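Report on the structure given below.
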Amino acid sequence: MAPYLQRALAEMLLLAVPGGLLGTWIVLRRLAFFTHAVGTVAFPGLVLASAWGIAPQLAALASALGFGAAQERLTRGRRLAPDAATGLLLVGALAAGVVLASDVFASGAGVDRLLFGSLIGVSERDVWLTAVAAAAAVALDAALRRHWLAAGFEPGSARALGLRTAWADRLLLCGIAVAAVVALDAVGALLVGVVLVVPAATARLLTRRVGTLRLAAIGFAAAEGVAAVLVADALNVGAGPVAAVLAGTVFAAVAVATSARAVAA
Amino acid sequence: MTGVEVRDLGGGYAPGRDALRGVGFAAAPGAIVGVLGPNGGGKTTLFRALLGELPVRRGEIALPAPPAYVPQTDRARLDFPVSAFDVALMGAYARTPFWRRVARADRDAARAALARLGLAEQAEATFGALSGGQRQRVLIARALLQDAAVLLLDEPFGGVDAVSAARIEALLAELRAEGRTLFVATHDVRQARGWDQVLCLHGRQIAYGPPAAVLTAATLQATYGSELIVLEGGRTAVGVGHHEH
């Protein structure tokens, strides 16, 4: 097997860990839009990084942190709803990225890779970074899942239960940002949801407990990721779009099957 | 156990405007305090203050220990993949180190708490699939696991079936007998007559004391204002609008 293919497979299998674990909380805590946005806002940062020769992950992380700070500032005092602020920043980042890529740096073909990911582009360093992010996701989930569960189920009582959930929630957002950043190279800035949202959303249709939801989400993310790499390699297309089509198809099939079962029952 | 004492309490979330003011009372251990007032009158705000979550600008609160809180059931997400047992177990999260499973003693306590509320057979049922009254009982079981000396119950009888109401009523009596102090927000004036103390709120404290002394037509009029309906023969009823969140 070609080394680039091995790296791509390792990358997808490692991404399945934060994809499944954090994806579970993204789905349960209704953070899918935030997740999509935190990937997309990296786009202008990635254009600058490739033009200036900075590590793309660094630029993406800086964009994600800037997004978090801007989001906090815009929604403070409740003058703007959080999802409206997210939408605003998302559009702004996409526009800034397009202007930078086409008019300032004339990046051309590089933009495709940044937005939709690339198989050949996955370096050994990317795989190591993803491994670190996967380990961090396991640690975060182990330490904070009870906080995330209690706060998500019924936020009003979290403090009365003796839980400091504000910090736990901030760390969840940071964890999602890091997971989005390491997913960028394989699936692209616009498609991080393919790994972080869709597998867990699919697993949610099939499971009735958080424990099984997490395991099933990891399973879906791993299987869809591996299949996407193999299909993308055979057809010589981007792994991100293939993964998106695959994951979307699996979700649709499971949704149809479970609703048919519900009707029959 | 010592009781709960509040002196000249005032505070609120909005800067410069108090949602609640002039609240002062003392509740002994082993007492049920009915908290009455119109929607927006400050019942939940008082609970937030007792939980230490309300910006308090004046006064003092003395509690024997942090209270447990039972929210209204409509605050909980029904689409969450958790069982009744999972929810009851949340009451033990604070004393569980993150690297451990919840202790066997606490898991036993969660089952016992559900059984005490007549939900032994529903322990594995998904929370969202239970009836409103059963959900309310699960949230009470969660509070029981905290083993708190003071319990705050936010309209536990609201929208609850007769079986659940009877179970909850019986449990409140048991908890009182154990020497706990209970604060129960309610719209049911007749029910409050059976409890030890009544606190009437309408942005400020209207009255506090034994039901016989407090629940007069004049006090109820001052508490509920236009929401009070006077029936034939001088009896009163409270008309309460839909609860908006």
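Protein sequences appear in the order of chains Z and D. Here the first sequence is numbered in the numbering used here, starting from 39 and rising by one per residue. Here the second sequence is numbered in the numbering used here, starting from 290 and rising by one per residue. By construction, the Cβ of each residue, glycine as well, lies at the ideal position given by its N, Cα and C atoms. Since the structure is predicted, the reported quantities are computational estimates derived from the model, not experimental observations.
Starting from residue i, find everything on chain Z with Cβ-Cβ shorter than 8 Å and list it in chain order.
i        : result
D/Thr415 : Arg246
Closest to residue i by C-alpha separation, out of the options, would be which residue?
i        : options                                   : result
Z/Ala123 : Z/Pro56, Z/Leu112 and Z/Arg116            : Z/Leu112
D/Thr362 : D/Gln411, D/Ser420 and D/Gly292           : D/Ser420
Z/Val79  : Z/Arg202, Z/Phe289, Z/Val280 and Z/Val136 : Z/Val136
D/Arg346 : D/Leu298, D/Arg364, D/Phe314 and D/Ala373 : D/Leu298
Z/Ala171 : Z/Phe154, Z/Ala298, Z/Leu99 and Z/Thr250  : Z/Leu99
D/His491 : D/Leu509, D/Leu406, D/Trp484 and D/Arg482 : D/Leu509
D/Leu408 : D/Ala506, D/Trp388 and D/Ile457           : D/Ile457
Z/Ala139 : Z/Pro82, Z/Gly125, Z/Gly106 and Z/Ala108  : Z/Pro82
Z/Val232 : Z/Asp179, Z/Leu66, Z/Leu126 and Z/Val280  : Z/Val280
D/Ala338 : D/Tyr302, D/Arg393 and D/Asn328           : D/Tyr302
D/Leu502 : D/Leu352, D/Arg364, D/Leu428 and D/Trp484 : A small correction: the amino acid at residue 502 of chain D is Ala; Leu does not occupy that position in the sequence shown. If we check each option's Cα against that of D/Ala502, D/Trp484 comes out closest.
Z/Leu127 : Z/Gly115, Z/Gln95 and Z/Gln109            : Z/Gln109
Z/Arg151 : Z/Ala48, Z/Pro193, Z/Ala291 and Z/Leu84   : Z/Leu84
D/Ala454 : D/Leu367, D/Ile321, D/His476 and D/Gln423 : D/Gln423
Z/Ala173 : Z/Gly115, Z/Ile92, Z/Glu192 and Z/Val216  : Z/Val216
D/Gly313 : D/Arg306, D/Ile350 and D/Val322           : D/Ile350
D/Gly447 : D/Gln435, D/Leu464, D/Glu463 and D/His476 : D/His476
D/Gly300 : D/Thr334, D/Val478 and D/Arg482           : D/Thr334
Z/Ala198 : D/Phe336, D/Arg393, D/Arg296 and D/Val473 : D/Phe336
Z/Pro120 : Z/Gly130, Z/Val76, Z/Phe72 and Z/Ser101   : Z/Phe72
Z/Val149 : Z/Leu222, Z/Gly61 and Z/Ala282            : Z/Leu222
Z/Asp164 : Z/Thr296, Z/Met50 and Z/Ala40             : Z/Met50
Z/Ala259 : Z/Leu234, Z/Val248, Z/Asn274 and Z/Arg247 : Z/Leu234
D/Glu262 : D/Val439, D/Arg493, D/Arg482 and D/Gly468 : Nothing about residue 262 of chain D can be reported from this structure: the residues present for chain D run from 290 to 534 only.
Using the beta-carbon of each residue, which ones in chain D are nearer than 9 Å to residue i?
i        : result
Z/Phe316 : For chain Z, the structure presents residues 39 to 303; residue 316 of chain Z sits outside this window and is missing.
Z/Leu201 : Met379, Tyr382 and Ala383
Taking C-beta pairs closer than 7 Å, name the residues in chain Z that residue i reaches, listed in chain order.
i        : result
D/Tyr358 : Ser195 and Ala198
D/Glu342 : Arg197
Could you tell me the boundaries of the beta strand (DSSP E) in which residue i lies?
i        : result
D/Asp297 : Val293 to Gly300
D/Leu509 : Run containing D/Leu509: none in the beta strand (DSSP E); it sits in the alpha helix (DSSP H), Ala506 to Tyr513.
D/Thr475 : Thr470 to Thr475
D/Leu442 : Val439 to Asp443
D/Phe314 : Leu309 to Ala316
D/Gly498 : Gln494 to Gly498
D/Tyr358 : Ala357 to Val359
D/Leu490 : Gln486 to Leu490
D/Gly323 : Ile321 to Leu325
Starting from the C-beta of residue i, find all residues in its chain whose C-beta is less than 8 Å away, skip the five residues before and the five after it, and write them out in chain order.
i        : result
Z/Leu157 : Tyr42, Leu43, Ala46, Ala224, Val267, Ala270, Asp271, Gly276 and Ala277
D/Leu340 : Pro355, Pro356, Tyr358 and Leu441
D/Gly498 : Gln486 and Val487
D/Thr512 : Leu325, Gly326, Pro327, Gly330, Cys489, Leu490, His491, Ile495 and Ala496
Z/Leu182 : Ala206, Leu209 and Leu210
Z/Val160 : Tyr42, Arg45, Ala46, Glu49, Asp223 and Ala224
What does residue i reach in chain Z if we use C-beta pairs closer than 9 Å?
i        : result
D/Phe387 : Ala180, Ala181, Leu182, Arg183, Arg184 and His185
Go to residue i, then tell me how far its alpha helix (DSSP H) extends in each direction, as first and last residue.
i        : result
D/Glu349 : Per DSSP, D/Glu349 belongs to no alpha helix (DSSP H); it is in the beta strand (DSSP E), Val345 to Ala351.
Z/Val160 : First-last for Z/Val160: undefined, no H or E at that position.
D/Gln480 : Val478 to Ala481
Z/Gly200 : Where Z/Gly200 is concerned, there is no enclosing alpha helix (DSSP H), given that its DSSP letter is neither H nor E.
Z/Gly263 : Val248 to Leu273
Z/Asp150 : Gly148 to Phe154
Z/Glu192 : Taken as a continuous stretch (DSSP letters only), Z/Glu192 belongs to no alpha helix (DSSP H), as it is neither H nor E.
Whose C-beta lies closer than 6 Å to the C-beta of residue i among residues of the same chain, with five residues either side of it excluded?
i        : result
D/Glu533 : Note that D/Glu533 scores a pLDDT of 41, beneath 50, so its modelled location is shaky and nothing firm can be said.
D/Thr385 : Val391
Z/Val220 : Leu167, Thr168 and Ala171
D/Leu428 : Val359
D/Pro540 : Outside the shown range of chain D (290 to 534) lies residue 540 of chain D, about which nothing can therefore be said.
Z/Ala196 : Ala188, Ala189 and Thr203
D/Pro304 : none
Z/Leu69  : none
Whose C-beta lies closer than 7 Å to the C-beta of residue i among residues of the same chain, with five residues either side of it excluded?
i        : result
Z/Ala254 : Ala241, Leu244 and Thr245
D/His531 : Any reading at D/His531 needs caution, since the residue's pLDDT is 46, under 50, leaving its predicted position unreliable; the model's value is listed next. Within the same chain, D/His531 has no close Cβ partners at all.
D/Ala414 : Ser372 and Ala373
Find the residues of chain D that neighbour residue i, judging by a C-beta separation of less than 8 Å, and give them in chain order.
i        : result
Z/Ala188 : Met379 and Tyr382
Z/Leu66  : Phe369 and Pro370
Using a Cβ-Cβ distance under 7 Å, would residue i count as near chain B?
i        : result
Z/Leu229 : Checking the listed chains, one finds no chain B in this structure; the protein chains it contains are Z and D.
For residue i, go through chain D and note every residue whose CB falls closer than 7 Å to its CB, in chain order.
i        : result
Z/Leu251 : Pro370
Any heavy atom of the ligand ATP closer than 6 Å to the Cβ of residue i?
i        : result
Z/Val225 : Looking at this structure, you won't find the ligand ATP or any other ligand, since it has none at all.
For this session: Any chance you could list the alpha helix (DSSP H) runs of at least 4 consecutive residues sitting entirely within the segment 213 to 241 of chain Z, in chain order?
Result: 231 to 234
Exercise. Which parts of the segment 78 to 131 of chain Z are runs of the alpha helix (DSSP H), unbroken and 4 residues or longer, counting only runs that do not cross its ends?
Worked result: 80 to 90 and 94 to 113
Problem set entry | Ordered list of beta strand (DSSP E) runs contained in the segment 365 to 443 of chain D, each at least 3 residues | 439 to 443
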